[in-house]
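Residue numbers for the sequence shown follow numbering that gives the first Met the number 0, beginning at 0 and rising by one. Glycine is no exception: its CB is placed at the ideal position from the N, C-alpha and C atoms.
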Amino acid sequence: MMSKPPHAADADRDSLPTGEVEHSSSLAQAPAAPDTALPDVNPFTWRSIAGFSPLYFALFAIVVGVAGYTDNLPDSMFAGFAITIVLGGVVMWLGNLVPVIRDFGLPTIMCIFLPAIFVVFGWLPESLVAIVQNFLGGYSFLAFFVITVITGSILGMPRALLLKAGPRFAAPILGGLVGAFGIVGLVGAAIGFGFLETLLFIVAPIMAGGIGIGAIPMSEIYAGKLGGDPADFLGQLMSAVFLANLLCIVCAGIYSGLGRRKKQLFVGFDGHGQLMQVAGAHNDLQMPPKRTAATFLALGKGLTIAAVLYTFGQLVGGVADFLHPYAWTIIAAVIIKLFRLFPKDLEEAATDWSGLITSFLTPALLVGASLTYIDINEVLIALSNPVFIPLIALTVVVAALSAGVVGWLVKLNFVESSITAGLVMADTGGSGDVSVLSAAGRMHLMPFAALTTRFGGALVLFVTSILASFL
0 MMSKPPHAAD
10 ADRDSLPTGE
20 VEHSSSLAQA
30 PAAPDTALPD
40 VNPFTWRSIA
50 GFSPLYFALF
60 AIVVGVAGYT
70 DNLPDSMFAG
80 FAITIVLGGV
90 VMWLGNLVPV
100 IRDFGLPTIM
110 CIFLPAIFVV
120 FGWLPESLVA
130 IVQNFLGGYS
140 FLAFFVITVI
150 TGSILGMPRA
160 LLLKAGPRFA
170 APILGGLVGA
180 FGIVGLVGAA
190 IGFGFLETLL
200 FIVAPIMAGG
210 IGIGAIPMSE
220 IYAGKLGGDP
230 ADFLGQLMSA
240 VFLANLLCIV
250 CAGIYSGLGR
260 RKKQLFVGFD
270 GHGQLMQVAG
280 AHNDLQMPPK
290 RTAATFLALG
300 KGLTIAAVLY
310 TFGQLVGGVA
320 DFLHPYAWTI
330 IAAVIIKLFR
340 LFPKDLEEAA
350 TDWSGLITSF
360 LTPALLVGAS
370 LTYIDINEVL
380 IALSNPVFIP
390 LIALTVVVAA
400 LSAGVVGWLV
410 KLNFVESSIT
420 AGLVMADTGG
430 SGDVSVLSAA
440 GRMHLMPFAA
450 LTTRFGGALV
460 LFVTSILASF
470 L
């Protein structure tokens, strides 16, 4: 039905306007970025790869590939960027070649799982994989990406929207958790898997909002209660989390596909990126147009703001460790926004820096996460249990629908509430949040996704520690 790929008309607009670059060459007198955003630019289409023509990018891929297969890539940030940008760009480009399915998140899904499959078959050198793993972990590219998105999204969000949407956002989070624990637990008991076993080994690790605050500490809790080693439990827990993450990405892609087709099933169903159901032309409750141009100085300011807020989160988190450092970073950014501690130009700088990173480096992060965190063998082992998979799928669906319904009842749009309070709780956190929001085409909702993951995840871990006492 679609003979022309999406954004094909934008293929000739896949770089920042040269006029903006010329005007920003003098950093001391760089003008502010224009208030009126240019048309949206997608650097990953069928005609371009990361803004380059396929011919140029093929040459880049050859250089990186030869260096990787001959073990001439150093363990450095530059090598990490080269590998992930090239691999992510190629996989994203291949996904965009498939009609129709690409609208439902295929490029993102391929970025998450295809590199991990390459590792299983030994198609990537071990040294190359090790460089990427150290790039995400040792050099903290994942933290760099997530903090940048959180900072830019919060400071770029209209203050009135944050004030009005924040307090009521707790309702769909709780709705998704109660629905998943209650309904899936009862179904697990009914089919013989066990009520408590379903909660502890399927629902809890999935709904913890991430691996670091979910499967890993839960395996330690279960080992302490039942004896043995945490590794005895971690395989099953991780399988549940990864399979759920895949389903979350697919569901997010379906939501994105419905949005592209303008399917408004009922009033307040799809806000097309707007979290709240807003009546009338209240511009202060709308997300501002996406900015596609910035000065060099603004980007430097944005990097500085993100780095300092990250450092603040680590500092406070080291003292008040009852909250994750990311949560303290979010709180700091929210305070800055609510109390107007930054002038408009600094808020826009943080937004511009976030826009640069998300528009260009998202595929790089996804393939990096695939090589670092996804174990295809663990996923395949879990597929052998005929009860395990349906319960995982039910957890994701119930969480998404419950969060969507409760959010709709408190005047949030169903799709946005379902994604940020439901699917985000059921993904792997961090890179999982990025994958889900990317597949849904709603990366700007990262602040709410981060709030969901951190605060909701802490609540789930607390409840799990109580339930584990009954083992």
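Which residue's Cα is closest to the Cα of residue i: the options?
i, options, result
"Thr328", "Tyr309, Lys343 and Ala319", "Tyr309"
"Asp74", "Pro362, Leu360, Ile210 and Gly137", "Gly137"
"Ser68", "Ile130, Pro53 and Ala207", "For the sequence presented, residue 68 should be read as Tyr rather than Ser. Ranking the options by Cα distance to Tyr68, first place goes to Ile130."
"Phe454", "Ser430, Leu225 and Ala420", "Ala420"
"Arg101", "Phe469, Gly252, Leu460 and Leu322", "Gly252"
"Gly301", "Pro324, Ala332, Gly267 and His271", "Ala332"
"Ile111", "Thr427, Ala448 and Trp122", "Thr427"
"Ser152", "Glu346, Ile182 and Met237", "Glu346"
"Gly473", "Phe241, Ser383 and Ile375", "Given that the chain is displayed from residue 0 to residue 470, the structure contains no residue 473 and the question cannot be resolved."
"Pro53", "Leu411, Phe341, Val89 and Phe77", "Val89"
"Ala66", "Ser401, Pro204, Phe56 and Ala78", "Ala78"
"Ile373", "Ala49, Gly50 and Leu113", "Leu113"
"Ser369", "Ala214, Ser47 and Gly87", "Gly87"
"Ala169", "His443, Leu411, Met442 and Ala239", "Leu411"
"Asp351", "Gln313, Pro389, Asp70 and Ala292", "Ala292"
"Val423", "Leu245, Phe117 and Gly226", "Leu245"
"Asn384", "Ser238, Ser416 and Leu274", "Ser238"
How would you write the range of the alpha helix (DSSP H) that residue i sits in, first residue to last?
i, result
"Trp92", "Met76 to Asn95"
"Phe461", "Gly456 to Leu466"
"Asn384", "Careful: Asn384 lies outside any alpha helix (DSSP H) and carries neither H nor E."
"Val315", "Phe295 to Val318"
"Val202", "Premise fails: Val202 is in no alpha helix (DSSP H) and is neither H nor E."
"Leu154", "Phe140 to Leu154"
"Ser353", "Lys343 to Tyr372"
"Leu340", "Careful: Leu340 lies outside any alpha helix (DSSP H) and carries neither H nor E."
"Ser430", "Ser430 to Ala439"
"Thr107", "Leu105 to Val119"
"Gly209", "Unbroken run through Gly209: none, as it is neither H nor E."
"Ser218", "Ile215 to Leu225"
"Pro124", "Looking at the DSSP string, Pro124 is not in any alpha helix (DSSP H), and its letter there is neither H nor E."
"Ile190", "Run containing Ile190: none; DSSP gives neither H nor E here."
"Gly421", "Careful: Gly421 lies outside any alpha helix (DSSP H) and carries neither H nor E."
"Pro446", "Met445 to Leu450"
"Gly174", "Ala169 to Gly178"
Spatial neighbours of residue i within its chain, please: C-beta separation below 8 Å, excluding the five flanking residues on both sides.
i, result
"Arg339", "Arg158"
"Leu173", "Val405"
"Gly191", "Val386"
"Gly279", "With a pLDDT of 48 at Gly279, under the threshold of 50, the predicted position of this residue should be treated as unreliable, though the coordinate-derived value follows. Correct list: empty, nothing qualifies."
"Gly317", "Pro324"
"Ser468", "Lys224"
"Ala319", "Trp327"
DSSP has residue i in a bridge; who is on the other side?
i, result
"Met275", "Leu411"
"Phe51", "Ile48"
In its own chain, which residues sit with a C-beta less than 6 Å from the C-beta of residue i, not counting the 5 before and 5 after it?
i, result
"Asp231", "none"
"Ser353", "Thr147, Val148 and Gly151"
"Tyr254", "Val414 and Ala439"
"Val85", "Phe59, Ala60 and Val63"
"Gly178", "Val397 and Ser401"
"Ala243", "Ile205, Ile391, Val395 and Ala425"
"Phe268", "Phe413"
"Gly258", "Asp269 and His271"
"Thr361", "Ser437"
"Phe341", "Ile335"
"Met442", "Thr357 and Leu436"
Excluding five sequence neighbours on each side, which residues of the same chain lie with their C-beta closer than 7 Å to the C-beta of residue i?
i, result
"Leu198", "Phe180, Gly184 and Leu466"
"Ala81", "Val63"
"Gly193", "Gly187"
"Gly94", "Arg101, Leu105, Pro106 and Met109"
"Ala348", "Ala297, Lys300, Gly301 and Ile304"
"Ala203", "Met217, Val459 and Thr463"
"Leu127", "Gly67, Leu72 and Ile82"
Measure how close the beta-carbons of residue i and residue j come, nearest whole angstrom, since I'm counting them as under 8 Å.
i, j, result
"Thr107", "Ile248", "6 Å"
"Ile391", "Ile201", "6 Å"
"Thr398", "Gly175", "The sequence given here has Ala at residue 398, not Thr. About 4 Å; that satisfies the 8 Å criterion."
"Leu365", "Ser434", "6 Å"
"Ile220", "Ser464", "6 Å"
"Asp432", "Ala448", "5 Å"
"Phe144", "Ile330", "Incorrect: roughly 20 Å between the Cβ atoms, too far for contact."
"Ala214", "Val240", "5 Å"
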